[in-house]
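The structure appears below as structure tokens.
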Amino acid sequence: MTTDVTTRESLATVSLRKTFGGVTAVDDATVTFHEGKVNALIGPNGSGKTTFFNCVTGMIKPDSGSVSYRGADITGRSPHRVARAGIGRSFQLCRIFPRMTVLENVLVAHRTHGLASLLKGARDTDEIERARHWLRRVGIDHLEHSEAADISYGQQKLLELAGVLMAEPDLIMLDEPAGGVNPALIGRIGTLIRELNAEGRTFVVVEHNMEMVMSLSDHVIVFDRGRPIAEGPPSEVQSDPRVLEAYLGV
Amino acid sequence: MDGSLFLQSLVLGILLGGLYALLAAGLTLYFGIMRVVMIAHSAFLILAAYLAWFFHRETGIDPLFSLVITVPLFFAVGVLMQRLLVARLRPITLTMMSVLLTFAIALVIEGMLGFVFSGTQRRIQLGYSGASIEVFGARLAVVKLITFALAAASLAALYAIMKYTRFGQALRATIQHKEAAQLVGIKTDRVAGYGFGLGLATAAIGGTALALDATIYPSLHWHWIGPLMAIIVVGGLGSIPGAAIAAMVLGIGQSLLQIPMGTTWAQTIFYVALFATLMLRPQGFFGGRLAQRF
Amino acid sequence: MLSASSRPRVSKALVAKGVVFVACAAALLTFPDWAPNPYILSAGIVVLSYAVLSTSWNFVGGFTGYISLGHAAYFGLGAYGTALLVTELGLPSFVAWFVAGLGVAVLAVPIGWAALRVRGASFVIVSIALVLILLLVFQSWSGLTGGSNGLVVPRPFPDLLRPEHHRTFFYLFAGLLAVTLLAWWLIDRSRFGMGLKAIREDEDKAEALGVPTYAYKLVVFVVSAFFTALGGGMYALWFGDLDPVFQFSILIGSYMVLMALLGGVRQLYGPLLGAVIVGSALEYFKLEFGDTQFHLVATGLLLAVVVLFMPDGIIPAGTRLVERFKPQRSSIREMSAADLLARDEAEPGPAPGPRSTPPTEKEEAKR
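Shown next as structure tokens:
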């Protein structure tokens, strides 16, 4: 399907809804993300952002509504098929494979094609080169043989990012990439996002770090109580009274 | 199907379901509090039955009085087990390792029972063992009624504890969200220990009740753990009401199926229900949010 | 695991490993010759069969981290399948053996499809339920299976005397073990295996990275059932007499788990090592104490010890113990800030010094 990049639809949800027991975490959320841009998803704690992420990426099945990516309906698809469709994601509490080495952590995300390649050795030289490339890109290539459980939390965050990138996604969803890391690392992550975005990748970033959000993003969507309440360029959203109310109000 | 036979089976099923419900509640407690699948629960059940039989054999007193000894004893053992063994396991692999650990405990119990009491089948003979009451055309064995009464009373007591006491509140909080409970000052470790004790106490009661009516032998616990675990999965892991409902439904079902299919094949209902749960609703039918992903 | 040095230099450690391997293999293959009597030889066969079973179990347990406590289900199905194909359909013994193995593999598809829909504790429950229900069925269906009276399996080599019979089956089991180990090794070094290990470490994360977790788990589950069934079938042909209580035995299932855990589930030869240790101990206990209930107690205690004190296997636990007695690499010494800086700059990478806490505790601290 060849469409002009500017008109090609990216990730979009229509009336997405998810309830847990008595709590409606995502409430009739209709959102369209902008292709090729850095989209930020902000909102007070408990506004449903992570649940929204989970519904989109298939970890949770939404109660109703639909999710589409580049025109194709991906509602309720299992996470690995969402990943295959070109969407990668990171987790709020950084998740890596603790008892595997840094290099192996990244290699898991290889792009296998077909049954025969499965029995191929895990030490495929092309894949290793690609994995090393991403480790270099995020800056932890010197830790290649360390066990993932032994490196620092910040390094694990970078490792998680390298793994996500290894799968070569076109859309990258990051859940609080700046969470729990020192300012220098936040800066590095921000630069990385900008570079990768310039190379054509779309980003959807959930963040609480406002400085990062405002400097990094092209389009901001504000969530409150499970649904979007405002969206637009950072400067607009920043001064929107509804947004202030959501953050400061009850 | 003959009307009175149906009624009889139905009532028997209810009586049986009561016992299952009590035992399943205990099993749920361990899982709810500490995400531990206590495979040794039924082994303790049989141990209690043996203790009741032994008590009766040595003292001649009605085995129900052994409850005075076994309930506090099992409660203490439960607390000790949680503090000394389960708490030692690493949090990440807790569920898996607890399964293996409690499995090991079950093996040890079975082995010791066989060692001490030999593999001979035992049965308590009481004055009222054969007596039965007639209710609306159904003949109900007195021992089964006693079992049900005991189970129902215990479940009621458990409910009262959980709902109306401070400890019960703390227990429920610990089950729902351990970290949050800690934040409000609940000593979750101690609560977990007592919760375990409660669970094992239900095994003591259930086992004593069982001894009144059944023939016991060391490997009998395998006949119970399968159905009990199927019950808690069907009911939804972590939900006591769910387990109780599933227990009643399956107990009645088993009893009714005994007429056309015989005792052995009627037991398959638990496994069929388990299979159905896995295929249709893996998180269980009657509640249990804990069964999402564990 | 990828090695730190990719230079193909033959190190001392490698030579040592090679020597040990050759020595063990030689000891194993000549065992029938130096075993003092046919009883010891048959004990050796039992140990080998345990090795096959625990290695087969380890396809699921070691790679995906799913603990199946009812794996004896496939052992029993393979045994009875083989026996029935010989007695009812008249198939030649080893044809029946292989066909039964394939049959169990096919059966493992719907079983696995249902069982793998849940994880952790529920999966264990389901695996136990499976073996219990099979026990029930095979005990009740006496018309087909002989029920509790047992089922006699015709010997594949009726002319052989007992010692020769044992000898032949020793080598047959050894061969089956070799094939099973080979299959495990192939998966271990493949991308498929890497995906499986990722599932073990963090299933949801693996799925988010594009690993088709459900399909992967199912495939390795079927492979595991296949090899376990082959082990069961061969046991049937060797032992000649089947009883549901011994074939669909939770105890045998627990042996499989214990042996794999003790030897180390993430190692190729782990289950084999565990089988040798536990199997020999069991046979010894049987000899000394007779067939009392005591072996249940012993198994339970050993399993508890392994779970509490050496969940990663006996070798890591052993090396940790040895490390304690060696001179410590790091000691409490007074160092100035400048010294520390100089030391850290000299050694790149993560903080130097031995890893003093197990990885999982560190992980907890970070969460």
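Residue numbers (this note's numbering), protein chains in the order written: chain A, 549 to 798; chain B, -8 to 285; chain C, 15 to 381. The C-beta atom is built at its ideal place from N, Cα and C for all residues, glycine as well.
Exercise. From C:H180, C:G32, C:A87 and C:L67, pick the residue whose C-alpha is nearest to that of C:N51; which is it?
Worked result: C:H180
Exercise. Which chain C residues sit within Cβ distance under 9 angstroms of B:Y262?
Worked result: A143, L144, L146, I147 and L150
Exercise. B:I124: buried (16+ other C-beta within 10 angstroms of its C-beta) or exposed?
Worked result: exposed
Exercise. Hey, does C:L232 have any beta-carbon neighbour from chain B nearer than 8 angstroms?
Worked result: no
Problem set entry | Test item: CB-CB of A:I734 and A:M760 under 8 angstroms | yes
For this session: Assign A:H690 to one of two classes, buried (16 or more other C-beta atoms within 10 Å of its C-beta) or exposed (fewer than that).
Result: exposed
Exercise. Secondary structure at C:Y80, three-state DSSP: helix, strand or coil?
Worked result: coil
Problem set entry | CB contact check: C:T227 to chain A, cutoff 8 angstroms | yes
Problem set entry | Residues near C:F171 in its chain [Cβ-Cβ closer than 7 angstroms; skip 5 each side] | H179 and T182
Exercise. Would you report the Cα separation of C:G209 and C:Y230, rounded to the nearest angstrom?
Worked result: Looking at the two C-alpha atoms, the distance is approximately 8 angstroms.
For this session: Please go through the stretch 146 to 234 of chain B and give each complete alpha helix (DSSP H) segment of 4 or more residues, from N-terminal end onward.
Result: DSSP assignment within the stretch 146 to 234 of chain B yields the following whole alpha helix (DSSP H) runs of 4 residues or more, N-terminal first: 157 to 167, 169 to 174, 179 to 204 and 212 to 226.
Exercise. Can you name the residues of chain A whose CB is closer than 9 angstroms to the CB of C:A114?
Worked result: Result: empty, since nearest Cβ-Cβ is about 25 angstroms, beyond 9 angstroms.
Exercise. Taking a cut of 8 angstroms between CB atoms, which residues from the stretch 259 to 290 of chain C lie near chain B?
Worked result: I264, L265, S268, V271 and L275
For this session: Go through its chain and collect everything with a Cβ distance to A:L796's Cβ below 6 angstroms, but skip five positions before and after it.
Result: Only residues of its own chain outside the window of five on either side were considered, and among them none has a CB closer than 6 angstroms to the CB of A:L796.
Exercise. Among residues of its own chain, excluding the 5 on either side of C:A110, which ones have a beta-carbon nearer than 7 angstroms to its beta-carbon?
Worked result: T96, L99 and V100
Problem set entry | 8 angstroms Cβ cutoff met for A:V712 and A:T598 | no
Exercise. By DSSP, does A:D674 sit in helix, in strand, or in coil?
Worked result: helix
For this session: Report the neighbours of C:R214 on chain B: residues whose CB is nearer than 7 angstroms to its CB, in chain order.
Result: Going along chain B, no residue has its Cβ under 7 angstroms from C:R214, so there is no contact; the nearest lies around 11 angstroms.
Exercise. Given that a residue counts as buried once 16 or more other Cβ atoms are within 10 Å of its Cβ, and exposed if not, what is B:V240?
Worked result: buried
Problem set entry | Interface residues of chain A facing C:G126 [CB-CB closer than 8 angstroms] | Within chain A, no residue comes near C:G126; the closest Cβ sits about 17 angstroms away, beyond 8 angstroms.
For this session: Would you tell me roughly how many angstroms separate the C-alpha atoms of B:L265 and B:R163, rounded to the nearest one?
Result: Taking the CA atoms as reference points, B:L265 sits about 26 angstroms from B:R163.
Problem set entry | Beta-carbon neighbours of C:P325, restricted to chain B and to distances below 8 angstroms | R81, T84 and M88
Exercise. Does the Cβ of A:D723 have 16 or more other Cβ atoms within 10 Å, making it buried, or fewer, making it exposed?
Worked result: buried
Exercise. Taking the alpha carbon of B:L64 as the point to measure from, which residue in B:G275, B:A195 and B:I207 has its own alpha carbon closest?
Worked result: B:A195
Exercise. Residues bridged to A:D772 by DSSP?
Worked result: A:R775
Problem set entry | Cβ pair A:L707, A:R742 closer than 8 angstroms | For the 8 angstroms CB-CB criterion, A:L707 and A:R742 do not form a contact.
Problem set entry | Segment limits, beta strand (DSSP E) that includes A:M721 | First-last of the beta strand (DSSP E) with A:M721: L719 to D723.
Exercise. Would the stretch 201 to 211 of chain B and the stretch 37 to 46 of chain B be scored as touching if the rule is three or more Cβ pairs under 8 angstroms?
Worked result: yes
For this session: Give the straight-line distance between the Cα atoms of B:S57 and C:L272, rounded to the nearest whole angstrom.
Result: 36 angstroms
Exercise. Whose C-beta lies closer than 6 angstroms to the C-beta of C:G278 among residues of the same chain, with five residues either side of it excluded?
Worked result: G284, G327 and I329
Exercise. Excluding sequence positions up to five away, which residues of its chain have a Cβ less than 6 angstroms from the Cβ of B:L3?
Worked result: A distance below 6 angstroms between beta-carbons, with the five flanking residues on each side excluded, links B:L3 to the following residues of its chain, in chain order: S246.
Exercise. How is A:N587 classed by DSSP in three states: helix, strand or coil?
Worked result: strand
Problem set entry | C-beta contact flag for B:A43 and B:P54 at 8 angstroms | yes
Exercise. Is the CB-CB distance between B:A167 and B:P218 below 8 angstroms?
Worked result: Just to set this straight, residue 167 of chain B is Gln in the shown sequence, not Ala. Contact flag unset, no.
Exercise. What in chain C is Cβ-close to B:P273, meaning under 8 angstroms?
Worked result: R131, V132 and S136
Problem set entry | CA-to-CA distance, C:L276 to C:P106, given in whole angstroms | 37 angstroms
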